[in-house]
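Have a look at the structure below before the remarks.
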Amino acid sequence: MTSVPLPRADTHVTLLAGHTSSGKPAHEVLPARTLDGDLFELAGSPGLVLGCAAGDVLRVSDDGTFEVTRQGGNLRNGDAAG
């Protein structure tokens, strides 16, 4: 198995991880590299947020929702191995 090199972080992004039992948003803060405007490359894999991994390029909204615009080659939470 080869290792995918991680980008050097210059900032942090706050991603929506879900909601608490009372309905409040729960977030996870992750290291990232700023690319352009609302685009960031994750420099670390999340422990709570599903659907992204280190090396992915994300378009991040102010509320913490995100869209993966380019996959970085690492497995995401929820991906099946093998």
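For the sequence shown, this note's numbering assigns the number 83 to the last residue and increments by one with no breaks. Where is the CB? At the ideal position from N, CA and C, for every residue including glycine.
Could you tell me if residue i is buried or exposed, where buried requires 16 or more neighbouring beta carbons within 10 angstroms of its beta carbon?
{"i": "A55", "result": "buried"}
{"i": "P64", "result": "The sequence given here places Asp at residue 64; Pro does not occur at that position. By the 10 Å Cβ count, D64 comes out exposed."}
{"i": "G57", "result": "It is worth fixing the name first, because residue 57 is Asp in this sequence and not Gly. By the 10 Å Cβ count, D57 comes out buried."}
{"i": "A81", "result": "For A81, the pLDDT reaches just 49, beneath the cut-off of 50, and the residue's location in the model is therefore unreliable, although a value from the coordinates is still provided. Under this definition A81 is an exposed residue."}
Could you tell me the distance, in whole angstroms, from the CA atom of residue i to the CA atom of residue j?
{"i": "G38", "j": "S23", "result": "33 Å"}
{"i": "A18", "j": "P6", "result": "25 Å"}
{"i": "A33", "j": "T15", "result": "10 Å"}
{"i": "T12", "j": "H20", "result": "24 Å"}
{"i": "L76", "j": "L59", "result": "15 Å"}
{"i": "R71", "j": "V61", "result": "13 Å"}
Taking the DSSP output, what are the residues bridged to residue i?
{"i": "G19", "result": "A27"}
{"i": "V50", "result": "DSSP lists no partner for V50."}
{"i": "T12", "result": "A33"}
With a cut-off of 8 Å on the beta carbons, I'd call residue i and residue j a contact; round off their distance for me.
{"i": "L31", "j": "L43", "result": "6 Å"}
{"i": "E29", "j": "V50", "result": "5 Å"}
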